[in-house]
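Chains as they are written, first to last, in the numbering used here: chain A, 353 to 506; chain B, 353 to 506. Even glycine gets a Cβ: it sits at the ideal position worked out from N, Cα and C. In what follows, a single structure is set out as structure tokens and then discussed.
There are 2 protein chains.
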Amino acid sequence: MKVMVGGTFDPLHDGHKKLLKRSFEIAGRNGFVTVGLTADGFANRKSHPIRPFEVRKSELTEFLNSAGYSGRYEIEVLNDRFGSALESDFDALVVSEETFKTGVEINQIRKEKGQKKVDLHQITCVLADDGKWISSTRIWNGEIDNKGRIVNKK
Amino acid sequence: MKVMVGGTFDPLHDGHKKLLKRSFEIAGRNGFVTVGLTADGFANRKSHPIRPFEVRKSELTEFLNSAGYSGRYEIEVLNDRFGSALESDFDALVVSEETFKTGVEINQIRKEKGQKKVDLHQITCVLADDGKWISSTRIWNGEIDNKGRIVNKK
Chain A
353 MKVMVGGTFD
363 PLHDGHKKLL
373 KRSFEIAGRN
383 GFVTVGLTAD
393 GFANRKSHPI
403 RPFEVRKSEL
413 TEFLNSAGYS
423 GRYEIEVLND
433 RFGSALESDF
443 DALVVSEETF
453 KTGVEINQIR
463 KEKGQKKVDL
473 HQITCVLADD
483 GKWISSTRIW
493 NGEIDNKGRI
503 VNKK
Chain B
353 MKVMVGGTFD
363 PLHDGHKKLL
373 KRSFEIAGRN
383 GFVTVGLTAD
393 GFANRKSHPI
403 RPFEVRKSEL
413 TEFLNSAGYS
423 GRYEIEVLND
433 RFGSALESDF
443 DALVVSEETF
453 KTGVEINQIR
463 KEKGQKKVDL
473 HQITCVLADD
483 GKWISSTRIW
493 NGEIDNKGRI
503 VNKK
């Protein structure tokens, strides 16, 4: 199956890793995954500083190549929330509980453009040890590490 | 992956077949799919008559066995909208655009029960030749056949 997924992946945490793992599982052995990675100009709208695209791309590539997934992949630069997902021929978009709404929006725009709608696979966000979602913002704030472990503040 | 999916499957149409195909694709080669099939007492709440459970089960089993899916499966009797999905240990629930809300509800109840939430894979409904969804009700009404072809009324 052809699957699309996207994010800023900074830093790459266990929630992202689940999102990517599922994308390759769904794509299957002969599948293809397009991983959208936000461009710096777009990513910098976040509430905390973001490392440069090439640094994030390098971390992402290293993870994907070491994870042993059987499907092939490409990394696409995302200059907005949609990237090529509005026109591409693919089967399923992998989203989180936070980004499901963007998936619905993408399908709505695809329909208006006369493109077939795609499946939306919503993963359940990974919880940190305190039972709340792991997020880059919480890691940046120093509350948790990238595995969701509580950081003991001194 | 362990996947759950459910329905009344009467008659089994191209929309159901996509739902089932995706369930096995997502489950993967070594995966397991639990297919919930509504009991007669529950299914009969529909707006049109439903064939008996054993007839529907036989048609479903015949399709699943002939489809060549690699994963294993079991058929579970559904006496309500949830079946064992509230307590079972599984990874993803496959739903349609019509039943996504039930998936969200299942996750909410699972969370209240202290169970992990599961992924929700929403397939895009298959369209009939007139661009509207294929549905059992439309087939029963004689508008379309189980492949979504328009039935010429005499």
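Q: Check each residue of the segment 417 to 451 of chain A: if its Cβ is closer than 7 Å to any Cβ of chain B, include it; give the result in chain order.
A: none
Q) Less than 8 Å separating the beta-carbons of G455 (chain B) and V447 (chain B)? A) yes
Q. Using a Cβ cut-off of 8 Å, which residues of the segment 356 to 383 of chain A contact any Cβ in chain B, in chain order?
A. R374, E377, I378, G380, R381
Q.
Taking a contact to mean a Cβ-Cβ separation below 8 Å, would you say S297 (chain B) touches H365 (chain B) in this structure?
A. Chain B is shown only over 353 to 506; residue 297 (chain B) falls outside these bounds and no answer can be derived.
**Q.** R433 (chain B) versus Q474 (chain A): straight-line alpha-carbon distance, rounded
**A.** 20 Å
Q) If L389 (chain A) sits next to K373 (chain A), beta carbons under 8 Å apart, how far is it from one beta carbon to the other, in whole angstroms? A) Between K373 (chain A) and L389 (chain A) the Cβ distance is about 17 Å, and since that is not below 8 Å, they are no contact.
(Q) Between which two residues does the alpha helix (DSSP H) holding V470 (chain B) run? (A) Segment: none, V470 (chain B) is in no alpha helix (DSSP H) and carries neither H nor E.
Q: Going by CA-CA distance only, name the one from A:E377, A:E406, A:V478 that's closest to Y425 (chain A).
A: A:E377
(Q) Quick check: the Cα distance between I486 (chain A) and T386 (chain B), rounded to an integer number of angstroms? (A) Going by the C-alpha atoms only, they are around 30 Å apart.
Q. By the 10 Å Cβ neighbour count, where 16 or more other Cβ atoms means buried, how is D481 (chain A) classified, buried or exposed?
A. exposed
Q. Is there a Cβ from chain A that is less than 8 Å from the Cβ of D471 (chain B)?
A. yes
Q. Can you list, in chain order, the residues of the segment 469 to 500 of chain A whose Cβ is nearer than 8 Å to any Cβ on chain B?
A. Of all residues in the segment 469 to 500 of chain A, the ones placed with a Cβ closer than 8 Å to any Cβ belonging to chain B are K469, V470, D471, L472, H473, Q474, I475, T476, in chain order.
Q. In whole angstroms, what separates the C-alpha of V357 (chain A) from that of L445 (chain A)?
A. 6 Å
Q: Following the continuous beta strand (DSSP E) through A444 (chain A), name the residue where it begins and the one where it ends.
A: 444 to 448
Q. Any idea what DSSP makes of T360 (chain A), helix, strand or coil?
A. In this structure, DSSP gives T360 (chain A) a state outside helix and strand, which the three-state scheme calls coil.
Q | Anticipated Cβ contact below 8 Å, K465 (chain A) with L430 (chain A), distance rounded | A | Contact flag wrong, Cβ pair sits at about 18 Å.
Q | Cutoff 8 Å; reference V503 (chain A); Cβ partners in own chain excluding five residues on either side | A | The residues are G494, E495, I496, D497.
Q) In the structure shown, what three-state DSSP assignment does K409 (chain A) receive? A) helix
**Q.** Counted within 10 angstroms of its Cβ, other Cβ atoms place K469 (chain B) as buried (16 or more) or exposed
**A.** buried
Q | Close-in-space but distant-in-sequence residues of the same chain around M353 (chain B) (CB under 7 Å, 5 per side omitted) | A | Hits under 7 Å: I378, A379, G380, G383, D443, A444.
Q) Between T489 (chain B) and chain D, is there a C-beta pair that is closer than 8 Å? A) Looking at the structure shown, chain D is missing, and the protein chains on hand are A and B.
Q | For L412 (chain A) and I491 (chain A), the rounded distance between their alpha carbons | A | Between I491 (chain A) and L412 (chain A), the C-alpha separation is close to 17 Å.
**Q.** Span of the alpha helix (DSSP H) around N372 (chain B)
**A.** Checking the sequence shown, residue 372 (chain B) turns out to be Leu, not Asn. Run containing L372 (chain B): 366 to 379, per the alpha helix (DSSP H) assignment.
Q) Which two residues bound the contiguous alpha helix (DSSP H) that contains E428 (chain B)? A) It is not in any alpha helix (DSSP H) - E428 (chain B) instead sits in the beta strand (DSSP E) that spans 424 to 430.
Q.
Run through the DSSP bridge pairs and tell me what L389 (chain A) is partnered with.
A. In the DSSP output, where bridge partners are listed per residue, L389 (chain A) has A:G359, A:V429.
Q. If you count every other CB in all the chains shown that lies within 10 Å of the CB of S375 (chain B), and 16 or more means buried, which is it?
A. buried
Q) Considering only C-alpha positions, which residue in the set B:N396, B:C477, B:R501 is nearest to F452 (chain B)? A) B:C477
Q.
If you reduce the DSSP assignment to three classes, tell me which class I502 (chain A) lands in.
A. strand
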